[in-house]
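> Read in numbering that gives the first Met the number 0, the sequence shown has 146 at position 147, and its numbers run on one by one without any break.
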Amino acid sequence: MLPLSLLQAAQGEEMLVELKNGDTYNGVLVNCDTWMNVNLKNIICTSKDGDRFWKLTECYIRGNTIKYIGIPDKVLDQVNEEDLSKRDRNALRGRGRGGRGGMGSRGEGRGRGGRDGGRGGRTGGRDGGRGGGRDGGRGGRGAHRGGRGQHAQ
């Protein structure tokens, strides 16, 4: 689970945000973006000494000033359950026949080629095409004569 997805799941929940300068903000998460900039509402701000308090209706906190974010355990549990159910659903995929075939799966004139390399059919090589024949062609990966394959001579 990524921190950003966790923050997005916590929208509408009460949380604690501690800044690098020591100030803390307790409020309800309204929004967060990809840089972890955070919008909070109904905030109680506490100075780093803990001797001064402010009540704010809303505030914006830039992501690179944040040192720590405290998220309620119920949100963490909820996100973990969602991750597990996603994994279970995805585990059923990819079974059975078909899928990405081996060397013979692409038709003539398409694909990346195999031993003979290149894109396209067998027209590449010396005649200026992009694929084919035994010499790898222009940009081909063939393993024979001039190609970029592992068995090039």
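Note that the Cβ used here is the ideal one computed from N, Cα and C, for glycine as well.
List the endpoints of the continuous alpha helix (DSSP H) containing Leu5.
Residue 5 sits at position 6 when you count from the first residue of the sequence shown. Where Leu5 is concerned, the enclosing alpha helix (DSSP H) stretches over Pro2 to Ala8.
> Where Arg41 and Val74 are concerned, what is the direct C-alpha to C-alpha distance, given to the nearest angstrom?
Residue numbering aside, residue 41 sits at position 42 when the sequence shown is read from its first letter. Residue numbering aside, residue 74 sits at position 75 when the sequence shown is read from its first letter. Per the sequence shown, the amino acid found at residue 41 is Asn instead of Arg. About 19 Å.
> Just grab the DSSP bridge partners of Leu15 for me.
By 1-based counting over the sequence shown, the position of residue 15 is 16. Leu15 is bridged to Asn25 and Gly69.
> For Ile60, tell me which candidate among Ile43, Ala9, Val16 and Ser84 has the shortest Cα-Cα distance.
Walking along the sequence shown from the start, residue 60 turns up at place 61. Nearest C-alpha to Ile60: Val16.
> If you drop the 5 nearest sequence neighbours on each side, which residues of the same chain put their C-beta closer than 8 Å to that of Ile52?
Residue mapping note: residue 52 aligns to position 53 of the sequence shown, counting from 1. First, the amino acid is wrong: residue 52 is Phe here, not Ile. Cβ neighbours of Phe52 beyond the five flanking positions: Ile43, Cys44, Thr45 and Ser46.
> Decide if Ala9 is buried, meaning its Cβ has at least 16 other Cβ atoms within 10 Å, or exposed.
Taking the sequence shown and counting its residues from 1, one reaches residue 9 at position 10. With 16 or more other Cβ atoms within 10 Å, it is buried.
> Give the straight-line distance between the Cα atoms of Met35 and Ala90, rounded to the nearest whole angstrom.
Along the sequence shown, one-based indexing puts residue 35 at 36. Along the sequence shown, one-based indexing puts residue 90 at 91. Rounded to the nearest angstrom, the two C-alpha atoms are 31 Å apart.
> So with Cβ pairs under 8 Å, would you call Ala8 a contact of chain C?
This model lacks chain C altogether, as it is built from one protein chain only.
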